[in-house]
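**Q** Residue numbers (the numbering used here): 7 to 144. Starting off with a structure, shown below.
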């Protein structure tokens with residue numbers, strides 16, 4: 007038996023681990039995944055991701071989020087913008103179930119260390135409010 011058979015790619019229910027790890031062969035994308043995994047509600051807003059990754063420009067963050075979503079590692083959902091104040095978050099990101107399963111198989115991106123790490127970061131009032139905001143349905 008080929009040891010990689012357990013990772014064979016099927017159309018929608020399993021990620022290709024080699025392609026996935028290739029996408030994660032960039033420190034910025036790894037840090038974004040770590041931020042999502044470590045977020046108290048497992049679904050940070052774009053604003054929160056940017057706050058925890060200040061070295062990533064807005065343009066680069068956009069490219070990374072698109073790439074992670076296209077390869078099936080993350081999903082995004084948006085709130086209705088009606089009733090939101092200027093600057094309020096409306097787009098949120100989370101790991102897909104397939105990504106969580108793959109990461110568990112590979113023993114990477116376990117939530118506890120990332121949650122512990124993010125708990126140590128000093129947060130502004132704006133970020134505390136963003137963390138406490140209601141999340142959209144995914």
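We treat Cβ as the ideally placed atom computed from N, Cα and C, and that holds for glycine.
To the nearest angstrom, how far is the alpha carbon of residue 144 from that of residue 101?
**A** Between residue 144 and residue 101, the C-alpha separation is close to 11 Å.
**Q** Following the continuous beta strand (DSSP E) through residue 98, name the residue where it begins and the one where it ends.
**A** Counting along the chain, the beta strand (DSSP E) containing residue 98 begins and ends at 97–101.
**Q** Run the CB neighbour count on residue 24, radius 10 Å, all protein chains shown included, and call it buried at 16 or more, exposed below.
**A** Classification for residue 24: exposed.
**Q** Tell me the rounded alpha-carbon separation between residue 135 and residue 66.
**A** Computed Cα separation, rounded: 25 Å.
**Q** Regarding residue 66 and the ligand COA, is the C-beta to nearest heavy atom distance less than 7 Å?
**A** As presented, the structure is devoid of all ligands, the ligand COA included, so that no description of it is given.
**Q** For residue 47, which residues in the same chain have their Cβ closer than 8 Å to its Cβ, ignoring the five residues on either side in sequence?
**A** The answer, listed in chain order, is 137 and 141.
**Q** I believe residue 117 touches residue 33 by the beta-carbon criterion, under 8 Å. Please report the beta-carbon distance rounded to the nearest angstrom.
**A** In fact, because the Cβ distance is near 20 Å, the residues do not count as touching under 8 Å.
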